[in-house]
Structures are given as structure tokens and as C-alpha cells.
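In my numbering, the protein residues as written are 1 to 579. Even for Gly, the Cβ is constructed at its ideal location relative to N, Cα and C. It should be emphasised that the depicted structure is a prediction, and the values quoted were computed from it without experimental measurement.
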Amino acid sequence: MKKNAAQVLVEVLESAGVKHIYGVVGDTLNYVTDALSKSSIEWIHTRHEEVGAFAATAESYMTGNLAGCAGSCGPGTLHLINGVYEAHRARIPLIVIASQIDTMTLGMDMPQEVDYQKVFSDCSVFCEQVYNAEQARHVAVLACQAAISKQGPAVIILPVDISKTEVEDAIQYSVHFPKSICVPAKVDLEKAAEILASGKKVGIYAGIGCQGAHDLLLDLAKKLKAPIAHTSRATDIVAYDNPYNVGMTGLLGIHSGFHMMSECDTLLLLGADFAWGQFYPKHAKIIQIDRDAARLGRRHPITLGLQGDVVPTLEGLIPLLAQRADDEFLNHCLEVAKKTQETLKAEEEMGDGKIIHPQYMARLLSDYAAKDALFTADTGTSWVWALRHIKVNGQRKFLMSLRHGTMANSMPMALGLKKAYPDRQVIALCGDGGLAMLMGDLLTINQENLPIKIVVVNNGALDFVELEMKADGLLNNYTDLKNPSFAKIAEAVGIKGIEVKNAIDLDKSMQEFLAYPGPALLDVHTNRSELVMPPTINLENVVGMAAYSAKAILNGRISDVENLLENTMQSAKHEILKT
Numbered sequence: 001m002k003k004n005a006a007q008v009l010v011e012v013l014e015s016a017g018v019k020h021i022y023g024v025v026g027d028t029l030n031y032v033t034d035a036l037s038k039s040s041i042e043w044i045h046t047r048h049e050e051v052g053a054f055a056a057t058a059e060s061y062m063t064g065n066l067a068g069c070a071g072s073c074g075p076g077t078l079h080l081i082n083g084v085y086e087a088h089r090a091r092i093p094l095i096v097i098a099s100q101i102d103t104m105t106l107g108m109d110m111p112q113e114v115d116y117q118k119v120f121s122d123c124s125v126f127c128e129q130v131y132n133a134e135q136a137r138h139v140a141v142l143a144c145q146a147a148i149s150k151q152g153p154a155v156i157i158l159p160v161d162i163s164k165t166e167v168e169d170a171i172q173y174s175v176h177f178p179k180s181i182c183v184p185a186k187v188d189l190e191k192a193a194e195i196l197a198s199g200k201k202v203g204i205y206a207g208i209g210c211q212g213a214h215d216l217l218l219d220l221a222k223k224l225k226a227p228i229a230h231t232s233r234a235t236d237i238v239a240y241d242n243p244y245n246v247g248m249t250g251l252l253g254i255h256s257g258f259h260m261m262s263e264c265d266t267l268l269l270l271g272a273d274f275a276w277g278q279f280y281p282k283h284a285k286i287i288q289i290d291r292d293a294a295r296l297g298r299r300h301p302i303t304l305g306l307q308g309d310v311v312p313t314l315e316g317l318i319p320l321l322a323q324r325a326d327d328e329f330l331n332h333c334l335e336v337a338k339k340t341q342e343t344l345k346a347e348e349e350m351g352d353g354k355i356i357h358p359q360y361m362a363r364l365l366s367d368y369a370a371k372d373a374l375f376t377a378d379t380g381t382s383w384v385w386a387l388r389h390i391k392v393n394g395q396r397k398f399l400m401s402l403r404h405g406t407m408a409n410s411m412p413m414a415l416g417l418k419k420a421y422p423d424r425q426v427i428a429l430c431g432d433g434g435l436a437m438l439m440g441d442l443l444t445i446n447q448e449n450l451p452i453k454i455v456v457v458n459n460g461a462l463d464f465v466e467l468e469m470k471a472d473g474l475l476n477n478y479t480d481l482k483n484p485s486f487a488k489i490a491e492a493v494g495i496k497g498i499e500v501k502n503a504i505d506l507d508k509s510m511q512e513f514l515a516y517p518g519p520a521l522l523d524v525h526t527n528r529s530e531l532v533m534p535p536t537i538n539l540e541n542v543v544g545m546a547a548y549s550a551k552a553i554l555n556g557r558i559s560d561v562e563n564l565l566e567n568t569m570q571s572a573k574h575e576i577l578k579t
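Given below as C-alpha cells:
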């Protein structure tokens, strides 16, 4: 029986395990959505294609199964680009259907004509156009195969005249799911063991590549008497039930993680591609283990680089290591970590019952959220409050735009997670600027009847940008946000809205919000002047803030400086706990 190319494409996606495709219907995409309506794949009608791409990326990341997004010709598909970049930077498999105008008018400067191969060439692992209907199955299979094997977005460009053309579809290309294991040669493992044995202050730095290696990391740390720091992306897979954990390092990190990295003389870097070289140890020997050999030594000079998956590599390395007796460095780092955690806990106090500190809000969210909740967070201070103050336990999972660093990712990602996991609690921690960017898809949450929980950090500013400006000694210009009541907007679109302006009311409201059976939004008016303390304070930070304060006073912003000083004194009190 003959079928059109769109039907063939959808059949291939079904065979590859795709459950959901997100997007906005329209003209050149109509034959694809018609084929989807007759398939097992569910079409999720978002209000903006960028939301669809973020949602599909989140689903694919968390489930390990392919998800897809699609756009109509011209602007429709272009709207996908930011979410596609997110998947590319985070190495997440994704299918992208870029529908195109008909082939007879391509190259004629027609309305909505876009060269998608140029557009997506920098953010995909596969990008090919279907030039005739007989190619449809072959191209679709190659796209799925590339997305799976190369871990990234695969773009299928499908002109509308091709999508509706019928074919015999005789050659049955199919998608395969190979599962390979990469392990370093034994001689390289022996070199690594030798370097580790010679170190006096050995540390472990674990990244996202340590997925599934939690127990092996503990065995390794026990044998080496080594503290474990981790990247922000690895928080939920490394930090729980880990007596060797000293926390994150880096821009979003905490003091104890930074301290361990600064003080070690030998560092084992596992599945981490952490980008900022200033947070690596200056004079330590570094052994890096990564599945992708191209990443070895690209962020900081290393002593030894090994190509391998973390789990089988540790299984081969640990038996080669002698049991270390000296635990002085480990105990010292754990003591620093204990004091750092006391500092973080002090920041989580309610305070005077009026001003809402975001750390207090995050602590309540952590206390009352489900044990297996899935959290997303917007780029900026929402990252920080989530990663520092929401406790992990091996069941909770985080998803943030930590590689691409885009605004407005949290709510769309939560949408994709809730479609994939309808029985789990999904919580989006949104900045007021981030939510406002793609707020139209609150309508999608209501339309799809998705009981997502949205917390809005409403401080009336692009606060992370303000902090960057102040740290550089600049006045914070153009960061003000004149916000509406997000709770009232939620109510207007059929979502339960709760607004909280005083800290004393937040505990009860948080419980009510999380217990509500349907979608709900908690609009929390937090302290605009809250400082995000870096893992270590240097002279440049102090000089920058002093320069900002002087400029603010000269420009008549005395109240801004007073608020900054008040929060600085509060932070300084907490910092004393570290010493």
C-alpha cells in the first residue's frame, strides 16, 4: 500500500520510540500533523515553538528516549532554534522536523523561505533535506541514528510537496540502538593508579559523566581517602548519601568545593567538562577520564588523559589502587564542608517575617516537595537557590540550562517532564524575567491539563544581571521589571494562583500550593537586594562593589546602597561561620 512521505517519517519515529512531538501546526507542516493524528505519537500543541523545543529536550534528557519538536516553514521552524541549541550544548538526543516550502519555489526568494541547513549547521549532529519521497525513510532513519549515537539534535528538512507525495516505501531501513562500552587500556589505568598513589592531597571532581557511578565513587573515595567535589550538573547524581561530598565548585559553587579544588595536589577528574579554568587547581597533577577523547585537557592542562566511560573505568581502576591510610586532607575538607553547610543553613532562616529571602523559600520548597520531585530552574539566581538549598536524595532530579545558559527554560522544560512523567511532581523555579518571556504557554499547561507547580521568584529585576553589573563596578541600568501579579495572570488562564509578599505567610502558602491537585503558580515577592555570595571573595569583588556603591551614591541611589550594605552585613555574619 502506498503512503505519503509524512506517513513514512512518522512510522520511523514510532519505531524509534518517540512518544511526543511538540510544536505549533501550520501550512507546510499539515501533512506531518495529519500523519501524527493517526499514529501512537502524541502531538503537544504549544503556543510557541521555542517552548516545544525546550519541552522535547527535557523529555529526551530525563527519559533517555527520543522526543521531537516541529515547526512550519520560515518563522515557525526558526522559533525552535534556542531549544535546539540547548539540546546541542547539553548533548541531548532530539528529533527536529523543519517543514519547508515546496521544492519548485526553493531558491526563488519566496516568502518564508529559509535555508535551514545554514541555520542549524552549528547546533545539530545531523541536518539533511529530503529531496524526494523515496528518501523519506532513509533520511528519517539516519536522523534517528545520528541523534542516538552522537547525542544531539538531528534535523529533518521536509518540503511540503515531498511530504504529501506517495511512495511504495519498499526498502525497510530501520533504527538501531547500539550500547557500547569504552574502557582505557590497562597500562593507562596503571599509570593513573601510580599518580594517585604518589599524591598527598588527593581529590575527586565528578561531572555529569558519572551517571550511574554513585556507589563506585564512594568506593573510590574510601580507598583514596579523598573528598569529592562535583559540577552543578552532577549535583543530583553525586551529592546524596555521600559522606565524602564537599559540594559544588565554580561560579555557582560553594566555599568547601572551591577550597578542596584549590588545596589538592592530585585531582581525578571524572566525566566533567567544566569550562572555567580559574576554578581548577593551579599546581596539581590532574588525571582526566572522559568518554570523548576530544575533551581531554581542553579546559586546563592535565597530567594524564584516559578515554573511557566512568563506570567501567572505575571498575577497572579501583582494584589497582592501594588502600590509603592518611585521611588528614579528607578530614580537613570535610570540616570545611560542615562549616559551609552551616553557613547555607543560616541563610535559610525566615528572618523578620516580612522580607522573603529566596534561600528561605528554597528551603521550604525542599522540605515540602515530593521525595521524587523533578525540578527545573531558570538561568540566573534561580539556579543558585535550587542547587544550594534544595536537598537531593537519589530520587529527585534537576534540569537547568547550565551549558547554554538561556533564559525562560524552566517552565517549558517542566511541561516536557510532566508529559513524560505524569505521576511525578514537577516543579519549575522561574525567574520573573524568565517566566515573562514565554508566559503564553501557561495556556498550554491548562490546555493539556498538566498539574505542574510553578514558583516565581518575583523580585522586580533581572537580578543576576544586576549582580554582574555591580560586581564589575557598574550601575545597574535597564534591569528593572514592572511586574504584574503573576498569580492573577495564572488565575486568568485557569491555573491556581497564590501570591505571597511576607515571609511569615510563606510556609502555609507553600504547603497549600504543593498540595493543590491541579496546575498551580506561587508568586513569591523576594528580596531584590539578596546577594549571591561567590565560593570565594577576592579583591576584584570588593573593589567592584565599592565602585558600584560610590557611583550609586553620586547618582542619587542612596537607598540602593543602604539595601546592599544591609544584605552585605547579613552575608558577612554568615561568612564568619566558615572560619
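| What's the gap between the Cα of Val-384 and the Cα of Ile-92? | 23 Å
| task | Indicate the three-state DSSP secondary structure (helix, strand or coil) for Val-18 in the structure shown. | result | Looking at Val-18 - three-state DSSP - the assignment turns out to be coil, as it is neither helix nor strand.
| If you run the structure through DSSP and keep just helix, strand and coil, what is Ser-529? | In this structure, Ser-529 counts as coil in the three-state DSSP scheme.
| In or out: Pro-227 buried (at least 16 other Cβ within 10 Å) or exposed? | buried
| query | To the nearest angstrom, how far is it from the Cα of Leu-539 to the Cα of Asp-472? | reply | Annotation note: pLDDT 48 at Leu-539 (below 50); position unreliable, coordinate value reported separately. Spanning the two alpha carbons is a distance of roughly 12 Å.
| message | Does Lys-282 pass the burial test, meaning 16 or more other C-beta atoms within 10 Å, or should it be called exposed? | response | Exposed is the call here.
| Which residues in the same chain have their Cβ closer than 6 Å to the Cβ of Gly-257, if we skip the five residues on either side of it in sequence? | Ala-229, Val-246, Gly-247, Met-248, Thr-249
| Lys-482 - DSSP class collapsed to helix/strand/coil | coil
| field | For Ile-157 and His-20, the rounded distance between their alpha carbons | value | 19 Å
| Asp-367, DSSP secondary structure in three states | helix
| request: Classify Tyr-205 as helix, strand or coil using the three-state DSSP reduction. | output: strand
| task | Just the C-alpha distance for Gly-271 and Ala-170, rounded to the nearest angstrom, thanks. | result | 43 Å
| task | Specify the secondary structure class of Glu-448 as computed by DSSP and reduced to three states. | result | coil
| Going by DSSP, which residues form a beta bridge with Lys-453? | Ile-427, Ala-520
| field | Straight-line gap, Arg-291 to Lys-164 (C-alpha atoms, nearest Å) | value | Distance between the alpha carbons of Arg-291 and Lys-164 is about 42 Å.
| said: Cutting at 6 Å between CB atoms, please list the residues of its own chain near Ala-6, excluding the five before and the five after it. | reply: Excluding sequence neighbours, Ala-6 sits near Tyr-31, Val-32, Ala-35, Ser-163.
| said: So within the region 174-248, which uninterrupted beta strand (DSSP E) runs reach at least 3 residues, ignoring any that extend past its ends? | reply: Segments of the beta strand (DSSP E) lying fully in the region 174-248: 202-206, 228-230, 245-248.
| query | Do you know how far the Cα of Leu-78 is from the Cα of Ala-67? | reply | 18 Å
| query | To the nearest angstrom, how far is it from the Cα of Ala-55 to the Cα of Ala-192? | reply | 41 Å
| field | Of the listed residues Ile-195, Asp-109, Leu-442, nearest to Asn-47 (C-alpha basis) | value | Note that residue 47 is Arg in the sequence shown, not Asn. Checked all of Ile-195, Asp-109, Leu-442; the closest Cα to Arg-47 is Leu-442.
| request: Mind checking who Ala-461 pairs with in its DSSP beta bridge? | output: Asp-480
| query | Taking buried to mean at least 16 other C-beta atoms within 10 Å of its own C-beta, is Gln-323 buried or exposed? | reply | exposed
| message | On the criterion of 16 or more Cβ atoms from any shown chain inside 10 Å, does Gly-380 qualify as buried, or is it exposed? | response | buried
| task | Reducing DSSP to helix, strand and coil, say where Phe-638 ends up. | result | Absent from the structure is residue 638, since the part of the chain shown begins at 1 and ends at 579.
| In terms of DSSP beta bridges, what is His-79 paired with? | Partner residues in a beta bridge of His-79, as assigned by DSSP, do not exist.
| query | Less than 8 Å separating the beta-carbons of Leu-467 and Leu-481? | reply | no
| Taking the alpha carbon of Asn-483 as the point to measure from, which residue in Gly-460, Val-141, Ser-99, Ala-16 has its own alpha carbon closest? | Comparing Cα-Cα distances from Asn-483 to each of Gly-460, Val-141, Ser-99, Ala-16, the minimum goes to Gly-460.
| query | Does the region 329-344 touch the region 486-503, meaning 3 or more C-beta pairs lie closer than 8 Å? | reply | Three or more Cβ pairs closer than 8 Å define a contact, and the region 486-503 falls short of that threshold against the region 329-344.
| said: Alpha carbons only, please: which of Leu-9, Ile-97, Ser-37, Ser-60 is nearest the one belonging to Glu-49? | reply: Ile-97
| Met-510, buried or exposed, once every other Cβ within 10 Å from all chains shown has been counted against 16 | It counts as buried.
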